[in-house]
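Trainee: Read in order, the letters of the sequence shown are residues -19 to -1, 1 to 150 in mature numbering (1 follows the signal peptide of the UniProt record, and there is no 0).
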Amino acid sequence: MIRHARTALLLTAAALLLAACSGWQLRGQTSTPELESITLDGASARLRYTLEDELEPSGVLIHGESQNIVMILDERWDSRTAAVDARGRAAERELRYEITWQLVDRDTEAMLNPPRRISALRSFAYSPDNVTATSDEEELVRDDLYEDVAYRLINQLANAARKIDSRNR
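As structure tokens, then:
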């Protein structure tokens, strides 16, 4: 009886510690950056639209005259064959999406954070016999990668904005 109570108490404490951890969030949950607006420089149109869709409902506007410039220094896609079938044909493809970004002050051109890299990786079934379905699947995976990277960029922007705000106090 006492042993079961200890186990239950330990499990409850572990769950509370996990829930209290400030860095832990469910996938798709983002922190809102404490910024009125940002300017996106160097982002592809698709990344820009994904970020706008996520930030503007939270009250962060994206326009060309913001004090805070989010510079996308590098944006790259890589793909490779992840698995082959018995005949040596591609059976699974792997897509990797990676960006390098930095926050810059418009007036002083000061770098407000060091360049940061975000990358995401997904695999999907590839069928050389059904090119249309494979193409559709790849497009869905690309959409998922854009959203994943956008969520992570927003969370990193929120952290950078908090650090900048604490320095200015």
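Even glycine gets a Cβ: it sits at the ideal position worked out from N, Cα and C.
In this text, all values refer to a predicted model and were calculated from it rather than measured experimentally.
#1: If I'm right that residue 84 touches residue 123 with Cβ under 8 angstroms, what's the distance once you round it to whole angstroms?
#2: Return the chain-ordered list of same chain residues with a C-beta closer than 6 angstroms to the C-beta of residue 29, the five sequence neighbours on each side being excluded.
#3: Quick one: complete beta strand (DSSP E) runs, 3+ long, within the segment 63 to 101?
#4: From residue 32 to residue 145, what distance separates their C-alpha atoms?
#5: In the DSSP output, what is residue 59 paired with across the bridge?
#6: Let's see if you can read the secondary structure: which residues bound the alpha helix (DSSP H) around residue 34?
#7: Just the C-alpha distance for residue 99 and residue 135, rounded to the nearest angstrom, thanks.
#8: Using the Cα positions of residue 55 and residue -14, report the straight-line distance between them to the nearest angstrom.
#9: Give every residue of the same chain whose Cβ lies closer than 8 angstroms to the Cβ of residue 41, excluding the five residues on either side of it in the sequence, and list them in chain order.
#10: Look at the alpha carbon of residue 128 and the alpha carbon of residue 81, and state the distance between them as a whole number of angstroms.
#11: How close, in whole Å, do the beta carbons of residue 115 and residue 107 come, if the pair is a contact with beta carbons under 8 angstroms?
#12: Once the 5 residues before and after residue 47 are set aside, which same chain residues still bring their CB inside 6 angstroms of it?
#13: Per DSSP, which residues does residue 43 bridge with? Please list them.
#14: For residue 49, does the count of other Cβ atoms within 10 angstroms reach 16, so buried, or fall short, so exposed?
#15: CA-CA distance, residue 97 and residue -17?
#16: Measuring only the C-alpha atoms, how far is residue 143 from residue 120?
Mentor: On the basis of the data shown:
#1: About 26 angstroms; that fails the 8 angstroms criterion.
#2: Once the five neighbours on either side are set aside, the close Cβ partners of residue 29 are 21.
#3: Runs found: 71 to 86.
#4: In this structure, the straight-line span from the alpha carbon of residue 32 to that of residue 145 is close to 21 angstroms.
#5: Note: residue 59 sits in a beta bridge opposite 77.
#6: First-last of the alpha helix (DSSP H) with residue 34: 26 to 36.
#7: Cα to Cα, the separation comes out at about 11 angstroms.
#8: Residue 55 and residue -14 have their C-alpha atoms roughly 52 angstroms apart.
#9: The answer, listed in chain order, is 13, 14, 16, 17, 18 and 19.
#10: If you take the alpha carbons of residue 128 and residue 81, they lie about 16 angstroms apart.
#11: Contact between residue 115 and residue 107 holds, with the beta-carbon distance rounding to 5 angstroms and staying under 8 angstroms.
#12: Once the five neighbours on either side are set aside, the close Cβ partners of residue 47 are 18, 19 and 20.
#13: Partner residues in the beta bridge of residue 43, as assigned by DSSP, are 19.
#14: Taking a 10 Å sphere around the C-beta of residue 49, we find 16 or more other C-beta atoms and assign the residue as buried.
#15: Whole-angstrom Cα-Cα distance: 47 angstroms.
#16: Whole-angstrom Cα-Cα distance: 35 angstroms.
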